[in-house]
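**Q**
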Amino acid sequence: MAQTTPSPLHPDAEDARIFDADVHLNVHIDDLVEGGYIDDPMIEDKLDKYGSPPVLGGVTGTSAKYAKEVDERADHILGRAITADELDDVADELGADEMLLTPGNYLPMPHGPYPAVKRAVTEAYNDFLMEEAVDPDRGIYGALLVPDWDVDHGLAELERYGDEDAIISAFNWFSGYRPWGHESHDPLNDKMVELDLPLQMHFGGLTHHPTSLKHDSKRTYIEHVLLDRDEGALAEVLNIIFTGLFDKYPDLDIVINENGTTWIPHLAYRADNWYQNSPEDIRLAPRMKEMGKEYLDKMPSEYIFENMWTTTVPIALPDDPRRAESMLDVSRAEDTFIFATDWPHSAIDGPNWMFDNPAIGEDLQRRIFHENAEEVYRFPE
Amino acid sequence: MQKIGTIDEFPEGRGTKVDVDGIEIAVFNLDGDFYGISNVCPHRRLPLHRAGEPKRLPEDDDAEDFDTIGEVDAEEACIRCPWHRLEFDLESGVNHQTDQRVSTFDVEVDGDEVYVEI
Ligand code: FES
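From first to last, the protein sequence lines are chains D and W.
Be aware that the first sequence starts at 233, since it is given in our numbering, and climbs by one per residue.
Be aware that the second sequence starts at 20, since it is given in our numbering, and climbs by one per residue.
Next comes the structure, spelled out in structure tokens:
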């Protein structure tokens, strides 16, 4: 009767079709250096000696390590998998039929110096992703790292790999170099639309910077992890909408990753309210001005519900099923939620919360587990 | 008491999942002392039995100190949930950090056979 085969899964997870939109490919700089992915000897030498590229702002003071007993490498709370075979085993553990690989936390480069190093590491990561990790035949897909700090380089990376079957999304950080609504990103937006790739955004860069909102008054990791990430994500969402990005690119989809789901009602309805309160505000935004548009084509919330998506991790539904149902309803979960685990990080959500919850019926389960993902990501035909 | 298997089916220092009449129990074999605890962590309803499982790491990884997911402390008879690391006392089922308690079950060994009290 005893089962020694480890399984984290609810029994129904075996039969459900599950796409996991956030499995971190925790490639270390060592893997890139030792694997011969860095071509420039001078850069290789620095990375070999000193590890990750230097980052301004860094992640100091915000580690989970003071908040709970975790490994030196809080990134590895459940382990590390970097090759297609290892990732295939992870998919089995998670009950995932398909997964999207996103960069781990070793590449927080938006605010680092040394553009040549950032360029080399970006290329090395994307090469490693393509050569060692993705395997569309086994449902292992990649999000291509597209630097926004160097738009020409971002375009070059999209040119190199953007039309590969294994790549189903572009990737960048929120609170990265510039908010994504900045008009300087439009060549990247043009290219992503041409390639039919969505953009997936994950926290990183200056979400951790001491100048972020009231940073020096925070006393705990929880304040940071809850507020700084929200601040980063919410700033991106508002910036994207109110700079007219979706008015210029109505076919562009953007996925906000690992910021939970509760930001959706918080922003959607307040943004509508403020827009109606101050409709003339946005005509001076550079893209709107260039397009000669005075008003948005749609209400702000419509862009959130039609062009934006959120990965579910970390989910935080009320325990009471009636309240959970209301929460899912006002968040328009059937149109906006995409299931993700965040494996192997400390915020991990397995798929079990999706089962046995009267607030989540079979239709909604399918929407969250794979149907919404099919609408957003560029899966091969 | 219900039989749940033989001793060799319960590796030492880690959890093993058993299903008894639809109740999922994580059974821990700690140096020959057996403990049963509900396999459903109250935090996110994820299974506790994976505490003590070797961590999945590429061959060359040097994270030696934490080479399992969710530690198992045989001396204190407590475990850490492998997912977000809440700590549970295996005798009482209590998590002191949040004052929650999960059900525990008596597990007994008779010869080679392992039994649980439901
Ligand atoms: S599921 Fe156990 S601590 Fe989160």
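Every residue gets a Cβ at the ideal spot worked out from N, C-alpha and C, and that includes glycine.
All values derive from a computational prediction rather than experimental measurement.
Can you name the residues of chain D whose CB is closer than 7 Å to the CB of W:H115?
**A** Chain D residues near W:H115: none, gap ~13 Å exceeds 7 Å.
**Q** Between D:G311 and D:P576, is the Cβ-Cβ spacing less than 9 Å?
**A** Result yes, Cβ atoms of D:G311 and D:P576 sit closer than 9 Å.
**Q** Report back the beta-carbon spacing between D:R351 and D:H602 to the nearest angstrom; my notes put them in contact at under 8 Å.
**A** That belief does not hold up - the Cβ atoms of D:R351 and D:H602 are roughly 35 Å apart, past 8 Å.
**Q** Just to confirm my understanding: we take D:N539, look at its own chain, exclude 5 residues before and 5 after, and list those with CB closer than 7 Å. What are they?
**A** So the qualifying residues of the chain are F478, L484, D485 and I486.
**Q** Enumerate, from N- to C-terminal direction, the unbroken beta strand (DSSP E) stretches of 3 or more residues contained entirely within the stretch 37-108 of chain W.
**A** If we require 3 residues or more, the beta strand (DSSP E) runs fully inside the stretch 37-108 of chain W come out as 42-49, 52-57, 97-99 and 106-108.
**Q** Less than 6 Å between C-beta atoms, sequence neighbours within five positions excluded: which residues of the same chain meet that for D:F251?
**A** Taken in chain order, the residues that qualify are E330, H602 and A605.
**Q** Mapping DSSP to helix, strand and coil, what is D:E607?
**A** DSSP places D:E607 in helix when its eight states are reduced to three.
**Q** For the beta strand (DSSP E) that contains W:G24, what are its first and last residues?
**A** First-last of the beta strand (DSSP E) with W:G24: Q21 to T25.
**Q** For the alpha helix (DSSP H) that D:I473 lies in, which residues bound it at each end?
**A** First-last of the alpha helix (DSSP H) with D:I473: R461 to F474.
**Q** Closer than 5 Å is what we want: which residues have a beta carbon that near any heavy atom of the ligand FES? List them in chain order.
**A** The set, ordered by position in the chain, is W:C60, W:H62, W:R63, W:L65, W:C100, W:W102, W:H103 and W:L105.
**Q** Please state whether DSSP places D:G290 in a helix, a strand or coil.
**A** With a pLDDT of only 49 at D:G290, under 50, the local geometry of the prediction cannot be trusted, and the value read off the model is given with reservation. Coil.
**Q** My output table needs one value for D:I400: the three-state DSSP class, helix, strand or coil.
**A** Three-state DSSP puts D:I400 in a strand.
**Q** Given a limit of 9 Å on CB to CB distance, which residues of the stretch 308-340 of chain D reach chain W?
**A** So the close ones are H308, I309, L310, G311, R312, A313, I314, T315, E318, D321, V322 and E325.
**Q** Here's a check: name, in chain order, each residue in its chain whose Cβ is nearer than 6 Å to the Cβ of D:P590, leaving out the five neighbours to either side.
**A** Answer for D:P590: P553, listed in chain order.
**Q** Note down, in chain order, every chain D residue with its Cβ under 8 Å from the Cβ of W:I44.
**A** Correct list: empty, because the minimum Cβ distance to chain D is about 10 Å.
**Q** With 7 Å as the C-beta to C-beta threshold (strictly closer), list the residues of the stretch 570-582 of chain D near chain W in chain order.
**A** Residues S578, I580, D581 and G582.
**Q** Kindly list, in the order they appear in chain W, the residues whose Cβ is closer than 7 Å to that of D:K300.
**A** Per Cβ cutoff of 7 Å: R104.
**Q** Cβ of D:Y357 within 9 Å of Cβ of D:A398?
**A** No, the pair does not count as a contact, with Cβ atoms beyond the cut-off.
**Q** With distances taken from CA atoms, which of D:L377, D:Q432 and D:V562 is nearest D:F537?
**A** With distances taken between Cα atoms, D:F537 lies closest to D:V562.
**Q** In angstroms, rounded to a whole number, what distance separates the CA positions of W:D40 and D:I600?
**A** Roughly 31 Å between the two C-alpha positions.
**Q** May I ask you to report which of helix, strand or coil DSSP gives D:T354?
**A** Helix, per DSSP.
**Q** Is any beta-carbon of chain D found at less than 9 Å from that of W:I98?
**A** Answer no: the Cβ-Cβ gap between W:I98 and chain D never drops below 9 Å.
**Q** State yes or no: is the beta carbon of D:D252 nearer than 9 Å to at least one beta carbon in chain W?
**A** No, D:D252 lies away from the interface with chain W (no Cβ there is under 9 Å from its Cβ).
**Q** Could you spell out the range, first to last residue, of the alpha helix (DSSP H) harbouring D:A313?
**A** Per DSSP, D:A313 belongs to no alpha helix (DSSP H) and is neither H nor E.
**Q** Using DSSP bridges, identify the partner residues of D:D367.
**A** Paired residues: D:I372.
**Q** Taking the C-alpha atoms as reference points, what is the distance between W:G135 and W:Q119?
**A** Reading off the sequence shown, one finds Val at residue 135 of chain W, where the question assumed Gly. Going by the C-alpha atoms only, they are around 23 Å apart.
**Q** Find the nearest neighbour of D:A375 within the set D:W381, D:D529, D:D384 and D:E396, judged by alpha-carbon distance.
**A** The shortest Cα separation from D:A375 among D:W381, D:D529, D:D384 and D:E396 belongs to D:E396.
**Q** Ordered along the chain, which non-local residues of its own chain (more than five positions away) have a Cβ less than 6 Å from that of D:Y507?
**A** Closer than 6 Å at Cβ, skipping near neighbours: P532.
**Q** Using a Cβ-Cβ distance cut-off of 9 Å, determine whether W:E90 contacts chain D.
**A** Yes, contact with chain D.
**Q** Check whether the stretch 566-576 of chain D and the stretch 48-57 of chain W are in contact - that is, three or more C-beta pairs closer than 8 Å.
**A** Short answer: they don't touch.
**Q** Per DSSP, which residues does W:D129 bridge with? Please list them.
**A** Partner(s): W:E132.
**Q** Could you tell me the boundaries of the alpha helix (DSSP H) in which D:D418 lies?
**A** Per DSSP, D:D418 belongs to the alpha helix (DSSP H) from D418 to L427.
**Q** Hey, quick one: how far does the alpha helix (DSSP H) through D:T334 stretch, first residue to last?
**A** Here D:T334 belongs to no alpha helix (DSSP H); instead the beta strand (DSSP E) covers E330 to P335.
**Q** If you drop the 5 nearest sequence neighbours on each side, which residues of the same chain put their C-beta closer than 8 Å to that of D:P482?
**A** For D:P482, where only same-chain residues beyond five positions count, the Cβ hits under 8 Å are D529 and N539.
**Q** Against chain W, with Cβ distances strictly below 9 Å, would D:L479 count as a contact?
**A** Reading the sequence as shown, one finds Asp at residue 479 of chain D and not Leu. With 9 Å as the cut-off, D:D479 does not count as an interface residue toward chain W.
**Q** Classify D:M424 as buried or exposed, calling it buried when 16 or more other Cβ atoms lie within 10 Å of its own Cβ.
**A** Buried is the call here.
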